[in-house]
Amino acid sequence: MNLGSYVALSAALFLIGVFGALTRRNIIGILMAIELMFNAANINLAAFNRYLHPGGIIGQTLALFIISIAAAEVVVGLSLVLAIYRNTDTVYVEDYNLLKG
Amino acid sequence: MLEHVYLIPLIPLFASLVILLGFKEDPHSPAPYLGLAAMGWCLLQAVSIFWGVAGGRIVLPYEASINWFPLATEVAGKAFSYQMPIGVLIDGPAAVMLVVVTLVSFLVQLYSLGYMHGDSRFRRYYAFLSFFTASMLGLVVSNNLLVTFMCWELVGVSSYLLIGFWFEKPGPAYASKKAFMTTKLGDCGLYLALLFIFTKVGSFQIDQVREFATRGYFGMGAATAIGFGLLCGCAGKSAQWPLFIWLPDAMEGPTPVSALIHAATMVAAGIYLIAKTYFIFLAAPIAMEAVAWIGLITAFLAASMALVSYDIKRVLAFSTVSQLGFMMCALGAGGYTAGLFHLTTHAFFKGLLFLGAGSVIHAVHTNDMRSMGGLSKKMPITFLTMLAATLAISGVWPFAGYFSKDMILESVYHHSPVMFYLLTAAALMTAFYMFRLISMTFLGPDRDHEKHHHAHESPLVMTVPLMVLGLLSVVAGAALAHDGFVERLLSFPMPQTPGPEFPRALGLGVSALVLCSLALSWFLYGRGDFSIAEAVKKRFSAVFNVLEGRYYFDQLFLGLVAVADGAAKLAFWIDARVIDQTFVDGWGLLMRVFSELSALFDGLFIDRTVDGFGGLSSDLGTGLRALVADGQVQEYLLYAAIAVSLATIFILSR
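So the sequence lines, in the order shown, correspond to chains A and B. Start counting the first sequence at -17; every next residue gets the next number (our numbering). Start counting the second sequence at 3; every next residue gets the next number (our numbering).
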């Protein structure tokens, strides 16, 4: 397996995440798509670390950080989603228009 | 002994400060005794120096100085740091002047114990007297022209304070102001002369300036300019024509102060300064000639004015002016010794005359000689001493004035016989008006019985100074002239000039004429019957009016002041009307119009442009918002994604 495969996997995963985030109507789905993009970045970190600096662990460490931060982010995101849901009784983002200027 | 000579000015200065700060104002305060003690000490020092010089134990000149402060300066294109010295220079004239000043000041202070007794500002009076004397002593001993000038101004200040001592009266207040301003007028010239000297020589030290001058480094023009500047200052201080107007008014001060001013401290300063800077005048014959002529004019005019005055002190004041003119004339004519000799003897008899006049005024409480008369019986000591002084000032052998006046006439004759004849006329007038004063005051019948009845001889504290000065008026001339002592003491090396020798017969003739003048004066005024004098006065009333109007010099000066005042008013008018209204206000108006235009332009073009850009961005924002912002979060994300993609493409395709 070479680095290109990993980077291709990561890019595919990221694009799937972007696509999901742009197209899902359900806000939970959007959050999940965002998780995909995180993990695409994590794959990149681990792969580049493995191939460019085989002795180092900085990439893996950073990936671990991102995983934990993503978990925290999901907690915040889900609680925000809950708050919004209680206010608007919907999980479809096209119904959210608080940012409308 | 000479190494402590610097204490001579410092001790009276210190005494005056102690009196001023340490004593309470009280008519019976002990302050005068401090002043007297200080002056007595100085007198002893001065006399011992003089005695040492006379005995040949002290060799003059003596000079010592310390550096005072450095002064960065530039002379003739060379920058250097000038160490300003302060120190003493004792030469023959200084040794004599020290004795004269301290003696007269001591006697005046002693006399004032009686004369000023019970005055409400007794303490202040003594502080000022000490300060006055200290300033003059500083001027006498200084070896540095700038310090001399400083003391010169201090003399001016203290004379202002003392002439205006009774400042609550309008007369003294006016007189002190007049004296101060007139002398300052002269001091401007003196100051310029000193600055000129410094720019030429790069030093204020007298011996260095002298060295410079005697080697002929001053050009003729520079020396003449400096000489005229010095003459200007000395004419102001020594009351020479045309700045003599202040001295006759200066008698508004207490009479002992007049004695001090006229004899020792104030007017002597001018003559002394001319003598001190004589080398400059030797380098500038035109300035020298001007000194002589100014002295001559002064001597003549003042003597003629004294002929008609009825105020006893005013006669004496004119007489001082006239005698100072004699000294000036002598100095200008090359009679250095004669001028300073006369300064010395004059100090004794003029101090005496003023103190005597003070004694008379103290007795009769008036200045007007017309209400005196017949006082010789009542005040024998005053009469006899004043008579001695009168004979001395008239130049009768063997009184002091004879020797000095003879010497003056001799040197003036040597210079120019014409000046000699004019000066002789002034000398004859001197004899006449002085004996007129004696006649009207002491001889004849009493004209005011009440005043005459209350008159009495002054107390001993006032008559002792009279007697001391009387003795000196008799013997000082002969003693100093004895064996050529005065020529050795007061000499100045100068080139011999050709001129006619003074015939001895002429001297005898002058003496005879002086006696005739005295006799004429007695004939007109001494017999209690003024009818002939009054007839003469009526006959020549025009001349008398001019003389009594003091040749209208006061009016001339007031006129000059009025002209200056008018010029100032005109200048003010021009300033207010033309400069302010046309230039300042007009310029302001112009600026205002211009700024209005500028504001209009600003509003029309600049602001519109700025506002236009602002409005444009605002409109653009509003339009874009209407286009994109419908609050859909995925739409925003899409834009972000597109932007990132575009950025990525841009970066990668570079």
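Cβ atoms here follow ideal geometry from the backbone N, Cα and C, with glycine treated the same way.
message: My output table needs one value for Gln47(B): the three-state DSSP class, helix, strand or coil.
response: Taking the first residue of the second sequence as position 1, residue 47(B) is located at position 45. Residue state, collapsed to three classes: helix.
query: Per DSSP, what kind of secondary structure is Gly(-1)(A) in: helix, strand or coil?
result: If you number the first sequence from 1, residue -1(A) lands on position 17. Note: Gly(-1)(A) maps to helix in three-state DSSP.
message: Per DSSP, what are the beta-bridge partners of Gly623(B) in this structure?
response: By one-based count along the second sequence, residue 623(B) stands at place 621. Looking at the DSSP assignment, Gly623(B) forms no beta bridge with any residue, so it has no partner.
query: Count the other CB atoms within 10 Å of the CB of Val414(B); is the residue buried (16 or more) or exposed (fewer)?
result: Working through the second sequence from its first residue, we reach residue 414(B) at position 412. Buried, by the Cβ-count rule.
- prompt: When DSSP labels each residue in this structure, what does Phe669(B) get in the three-state scheme?
  reply: There is simply no residue 669(B) to check, as chain B begins at 3 and stops at 656 in what is shown.
- prompt: Does DSSP classify Lys171(B) as helix, strand or coil?
  reply: On the second sequence, position 169 is the one that residue 171(B) refers to. Here Lys171(B) sits in coil by DSSP.
task: Report the residue ranges of all alpha helix (DSSP H) runs contained in full by the region 390 to 437 of chain B; include only those spanning at least 4 residues, in chain order.
output: 402 to 417
- request: Determine the DSSP secondary structure at Ile247(B), reduced to helix, strand or coil.
  value: The residue given as residue 247(B) occupies position 245 in the second sequence. Correct three-state label for Ile247(B): coil.
message: Going by beta-carbon coordinates alone, are Met381(B) and Ser321(B) separated by less than 9 Å?
response: Position 379 of the second sequence holds residue 381(B). Position 319 of the second sequence holds residue 321(B). Going by C-beta atoms, Met381(B) is not nearer than 9 Å to Ser321(B).
field: Classification of Thr499(B) by the beta-carbon crowding that lies within 10 angstroms, buried from 16 upward
entry: Position 497 of the second sequence, counting from 1, holds the residue named residue 499(B). Classification for Thr499(B): exposed.
message: Per the DSSP calculation, Asn8(A) is bridged to which residue(s)?
response: Indexing the first sequence from 1 puts residue 8(A) at position 26. Paired residues: Tyr74(A).
task: Please state if the CB of Ile263(B) and the CB of Ala252(B) are separated by a distance shorter than 9 Å.
output: Within the second sequence, numbered from 1, the residue matching residue 252(B) stands at position 250. Within the second sequence, numbered from 1, the residue matching residue 263(B) stands at position 261. It is a contact, given that the beta carbons lie within the stated cut-off.
message: With H, G and I counted as helix, E and B as strand and the rest as coil, what does DSSP make of Pro63(B)?
response: Within the second sequence, the letter at position 61 stands for residue 63(B). Three-state result, Pro63(B): coil.
message: Tell me which residues of the region 59 to 78 of chain A have at least one Cβ-Cβ distance to chain B shorter than 9 Å, keeping chain order.
response: When C-beta distances to chain B are compared with 9 Å, the residues of the region 59 to 78 of chain A below that value are Val75, Glu76, Tyr78, in chain order.
query: Below 9 Å between beta carbons: does that hold for Ala289(B) and Thr216(B)?
result: The residue you call residue 289(B) lines up with position 287 of the second sequence. The residue you call residue 216(B) lines up with position 214 of the second sequence. Their beta carbons are not under 9 Å apart, which means Ala289(B) does not touch Thr216(B) by this criterion.
message: In this structure, how does DSSP classify Ile16(A) when only helix, strand and coil are distinguished?
response: In the first sequence, counting from the first residue as 1, residue 16(A) sits at position 34. In this structure, Ile16(A) counts as helix in the three-state DSSP scheme.
task: Give the DSSP-derived three-state secondary structure of Leu147(B) in the structure shown.
output: On the second sequence, residue 147(B) is found 145 positions in, with the first residue counted as 1. Helix at Leu147(B).
message: Tell me which residues share the same chain as Glu55(A) and place their Cβ nearer than 6 Å to its Cβ, disregarding the 5 neighbours each side in the sequence.
response: Within the first sequence, residue 55(A) is the residue found at index 73, counting from 1. Here the set comprises nothing.
- prompt: Who does Gln210(B) pair with in a DSSP beta bridge?
  reply: By one-based count along the second sequence, residue 210(B) stands at place 208. For Gln210(B), which the question treats as bridged, DSSP gives no partner whatsoever.
Residues of the region -17 to 6 of chain A with Cβ closer than 9 Å to any Cβ of chain B, in chain order: Val0, Ala3, Leu4, Thr5, Arg6
query: Which class does Phe130(B) belong to by DSSP, given the choice of helix, strand or coil?
result: Numbered from 1 along the second sequence, position 128 holds the residue referred to as residue 130(B). Secondary structure of Phe130(B) (DSSP, three-state): helix.
- prompt: With 16 other CB atoms within 10 Å as the buried threshold, where does Arg541(B) fall?
  reply: For the purposes of this step, residue 541(B) is identified with residue 539 of the second sequence, where counting begins at 1. Exposed is the call here.
message: Run through the DSSP bridge pairs and tell me what Lys80(B) is partnered with.
response: Position 78 of the second sequence holds residue 80(B). Paired residues: Val77(B).
query: Is the beta carbon of Ser373(B) less than 9 Å from the beta carbon of Asp450(B)?
result: Here the question's residue 373(B) lines up with position 371 in the second sequence. Here the question's residue 450(B) lines up with position 448 in the second sequence. Their beta carbons are under 9 Å apart, which means Ser373(B) touches Asp450(B) by this criterion.
field: Three CB pairs or more closer than 8 Å across the region 112 to 122 of chain B and the region 493 to 512 of chain B
entry: Taking 8 Å as the limit for Cβ pairs, the verdict is that the region 493 to 512 of chain B does not touch the region 112 to 122 of chain B.
- prompt: Which one or two residues does DSSP pair with Gln85(B) in a beta bridge?
  reply: Sequence index remark: in the second sequence, residue 85(B) carries index 83 (1-based). Paired residue(s): Pro72(B).
- request: Starting from Leu13(A), find everything on chain B with Cβ-Cβ shorter than 8 Å and list it in chain order.
  value: In the first sequence, residue 13(A) corresponds to position 31, counting from 1. Contact annotation for Leu13(A) against chain B: no contact, minimum CB-CB distance about 12 Å [criterion: below 8 Å].
query: Are Phe350(B) and Leu474(B) touching if we call contact CB-CB under 9 Å?
result: Along the second sequence, one-based indexing puts residue 350(B) at 348. Along the second sequence, one-based indexing puts residue 474(B) at 472. Contact: yes.
message: Under 8 Å: do the region 419 to 438 of chain B and the region 304 to 316 of chain B share three or more Cβ pairs, one atom per stretch?
response: yes
- request: Note down, in chain order, every chain B residue with its Cβ under 8 Å from the Cβ of Leu80(A).
  value: Along the first sequence, one-based indexing puts residue 80(A) at 98. What Leu80(A) touches in chain B: Gly633.
query: How long is the line joining the alpha carbons of Gly204(B) and Cys234(B), rounded to whole angstroms?
result: The count along the second sequence starts at 1 and reaches residue 204(B) at position 202. The count along the second sequence starts at 1 and reaches residue 234(B) at position 232. Cα-Cα distance, rounded: 22 Å.
- prompt: So, is the C-beta of Leu602(B) closer than 9 Å to a C-beta in chain A?
  reply: Walking along the second sequence from the start, residue 602(B) turns up at place 600. By this cut-off, Leu602(B) is not an interface position.
field: Sub-9 Å separation of Trp1(B) and Asp189(B) beta-carbons
entry: The question about residue 1(B) has no answer, for chain B in this structure spans 3 to 656.
Beta-carbon proximity check, Val516(B) vs Leu439(B), cutoff 9 Å: Within the second sequence, residue 516(B) is the residue found at index 514, counting from 1. Within the second sequence, residue 439(B) is the residue found at index 437, counting from 1. Here Val516(B) is not near Leu439(B), since their CB atoms are 9 Å or more apart.
- request: Can you tell me the Cβ-Cβ gap for Phe385(B) and Ala394(B), rounded? I've got them flagged as a contact below 8 Å.
  value: As a position in the second sequence, residue 385(B) is number 383, starting the count at 1. As a position in the second sequence, residue 394(B) is number 392, starting the count at 1. Not really, about 15 Å apart at Cβ, beyond 8 Å.
message: Quick check on DSSP: helix, strand or coil for Ile39(A)?
response: Translated into positions along the first sequence, residue 39(A) becomes position 57. Coil, per DSSP.
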